[in-house]
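Enquirer: Residue numbers (this note's numbering), protein chains in the order written: chain A, 2 to 113; chain B, 95 to 208.
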Amino acid sequence: GNSVTQMEGPVTLSEEAFLTINCTYTATGYPSLFWYVQYPGEGLQLLLKATKADDKGSNKGFEATYRKETTSFHLEKGSVQVSDSAVYFCALSGDSNYQLIWGAGTKLIIKP
Amino acid sequence: NAGVTQTPKFQVLKTGQSMTLQCAQDMNHNSMYWYRQDPGMGLRLIYYSASEGTTDKGEVPNGYNVSRLNKREFSLRLESAAPSQTSVYFCASSEALAANYGYTFGSGTRLTVV
């Protein structure tokens with residue numbers, strides 16, 4: 002069945018460092034891919050998405066490219082800030098198209 | 095900018111007790127969802143409601159019931175709580191029943207069953 006694997010956290014970086022959070026997936030068909038972010042004490046928010054191969058989703062300085070050949074959707078940001086500290090979830094749309102299949106989440110800690 | 099509101103934020107139950115988690119959205123969304131979040135397991139769908147008047151089981155429905163009271167409200171009921179139901183529960187809504195629309199989540203209910 003469909004599944005999502007994220008790198009384990011926590012990931013700890015200094016402010017202005019380059020960020021990569023790895024996400025790989027297993028899926029049949031052509032799923033859409035998503036990154037959601039959960040700030041402390043809040044619900045999840047959609048950060049970006051890509052709906053077909055080679056699409057790049059971007060938002061708030063974050064980017065991720067849908068790579069079908071490597072079944073990956075890695076999240077990147079060129080210069081992180083303390084305010085980016087959160088838990089990041091990779092997800093894909095399942096066979097039913099409405100159900101999201103979630104990764105376990107990666108906690109990101111940015112130190113000033 | 096309320097979005098999705100969940101109550102309560104925290105709850106401790108004894109095994110066998112019942113309770114209802116409340117969820118309301120003010121975005122005129124058609125579809126609503128209940129998820130549980132457990133450490134290292136991501137989110138798992140409990141029940142969903144495609145539109146007012148309909149509900150369907152998700153991945154882990156056992157031990158839960160839901161009611162779509164109207165377009166705004168979608169409640170989750172635990173009839174006889176068990177320690178395995180200790181979790182963080184999230185309600186979410188979307189414009190329609192498709193992941194591409196993006197989900198709006200509430201801030202969660204942290205439930206402990208002792």
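Ideal Cβ positions, reconstructed from N, Cα and C, are used throughout, including at glycine.
Counting only beta-carbon atoms, is PHE148(A) nearer than 8 Å to chain B?
Expert: The requested residue 148(A) is not part of the displayed model; chain A covers only 2 to 113.
Enquirer: Between the C-alpha atoms of THR66(A) and LEU107(B), what's the straight-line distance to the nearest angstrom?
Expert: Using only the alpha carbons, I get a separation of about 44 Å.
Enquirer: Go ahead and pull the three-state DSSP assignment for VAL81(A).
Expert: Three-state result, VAL81(A): coil.
Enquirer: Considering VAL207(B), what are the terminal residues of the beta strand (DSSP E) in which it resides?
Expert: Element bounds for VAL207(B): 203-207.
Enquirer: With 16 as the cutoff for other CB atoms within 10 Å, does LYS78(A) come out buried or exposed?
Expert: It counts as buried.
Enquirer: State the beta-bridge partners of ILE140(B) as determined by DSSP.
Expert: Partner(s): none; ILE140(B) has no beta bridge.
Enquirer: So, is THR21(A) buried or exposed, given that buried needs 16 or more other C-beta atoms within 10 angstroms?
Expert: Exposed, because fewer than 16 other Cβ atoms sit within 10 Å of the Cβ of THR21(A).
Enquirer: Assuming THR72(A) is part of the beta strand (DSSP E), what are its boundary residues?
Expert: Note, THR72(A): premise wrong, no beta strand (DSSP E); not H, not E.
Enquirer: Nearest to GLY200(B) by CA position, among ASP120(B), LEU172(B), LYS165(B) and GLY157(B), is which residue?
Expert: Nearest option by C-alpha distance: ASP120(B).
Enquirer: When the distance is taken between beta carbons, is MET126(B) closer than 8 Å to ARG171(B)?
Expert: No, the pair does not count as a contact, with Cβ atoms beyond the cut-off.
Enquirer: Throw me the rounded Cβ distance for the VAL154(B) and ARG130(B) pair, which I believe falls under 8 Å.
Expert: 7 Å between Cβ atoms; contact.
Enquirer: Taking just the CA atoms, how far does GLY104(A) sit from PHE133(A)?
Expert: Lying before the first or after the last residue shown, residue 133(A) is absent from chain A, which here runs from 2 to 113.
Enquirer: Just grab the DSSP bridge partners of MET113(B) for me.
Expert: Answer is LEU172(B), bridged to MET113(B).
Enquirer: Check distances from the C-beta atoms of the region 128-142 of chain B to those of chain A and list, in chain order, the residues that come in under 9 Å.
Expert: Correct list: TYR129, GLN131, PRO133, GLY134, MET135, GLY136, LEU137, ARG138, LEU139 and TYR142.
Enquirer: Taking one C-beta from the region 5-16 of chain A and one from the region 56-71 of chain A each time, how about it: are there three or more such pairs within less than 8 Å?
Expert: Contact between the region 5-16 of chain A and the region 56-71 of chain A is absent, because fewer than three Cβ pairs lie under 8 Å.
Enquirer: Would you list the one or two residues that DSSP bridges to GLY58(A)?
Expert: In the DSSP output, where bridge partners are listed per residue, GLY58(A) has ALA65(A).
Enquirer: On the three-state DSSP scale, how would you describe ALA190(B)?
Expert: Correct three-state label for ALA190(B): coil.
Enquirer: Run through DSSP, which three-state label would TYR31(A) get?
Expert: Reduced to three states, the DSSP call for TYR31(A) is coil.
Enquirer: Return the CA-CA distance between GLU16(A) and ALA87(A), expressed in angstroms with no decimal places.
Expert: Roughly 14 Å between the two C-alpha positions.
Enquirer: What do you reckon, are the CB atoms on LYS64(A) and LYS53(A) nearer than 8 Å?
Expert: Here the sequence assigns Glu to residue 64(A), which means Lys is not the residue at that position. Not a contact, by the Cβ cut-off of 8 Å.
Enquirer: Using DSSP bridges, identify the partner residues of GLY37(A).
Expert: Strictly speaking, residue 37(A) in this sequence is Tyr, with Gly absent from that position. Answer is LEU47(A) and PHE90(A).
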